[in-house]
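When we follow our numbering, the leftmost residue of the sequence shown carries the number 468, and every step to the right adds one.
Quick reminder that beta carbons are idealized off the backbone N, C-alpha and C, glycines included.
Since the structure comes first, as structure tokens, the remarks are kept for the end.
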Amino acid sequence: MTDARFDCDTCGRTVARAEADVSGTFGDLEGWQTLCCPHCGARLRTVFVGSEE
């Protein structure tokens with residue numbers, strides 16, 4: 468998912484995964500992260516970043 472791109476519904480820009488702001492991790496340290504638009508701060512997507520054991 469490192470090369471993923473997300474369209475922001477708020478400002479209309481397309482944001483690369485590497486450019487997105489991470490607003491926090493929840494669940495545990497290797498859980499879920501919310502990716503936000505670096506231009507307007509809107510939520511782009513919530514992604515799982517932990518291991519699937």
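Specify, as a first and last residue, the run of the beta strand (DSSP E) that D474 falls within.
Here residue 474 refers to the residue found at position 7 of the sequence shown. Segment R472 to D474, the beta strand (DSSP E) holding D474.
Among the residues of its own chain, which have a CB less than 8 Å from the CB of D476, if the five just before and after it don't count?
By one-based count along the sequence shown, residue 476 stands at place 9. Within the same chain, D476 has close Cβ partners A509.
Residues in the same chain with beta-carbon distance under 7 Å from F515, minus the five sequence neighbours each way, listed in chain order, please.
Residue numbering aside, residue 515 sits at position 48 when the sequence shown is read from its first letter. W499.
If distances are taken between C-alpha atoms only, which option among C478, V489, R512 and G491 comes closest to G506?
Taking the first residue of the sequence shown as 1, we reach residue 506 at position 39. The sequence as given places His at residue 506; Gly does not occur at that position. Comparing Cα-Cα distances from H506 to each of C478, V489, R512 and G491, the minimum goes to C478.
Since F473 and A487 are thought to touch, with beta carbons under 8 Å apart, how far apart are those beta carbons, to the nearest angstrom?
What you label residue 473 is simply residue 6 of the sequence shown in a count that begins at 1. What you label residue 487 is simply residue 20 of the sequence shown in a count that begins at 1. Indeed they touch by this definition, with Cβ atoms about 7 Å apart.
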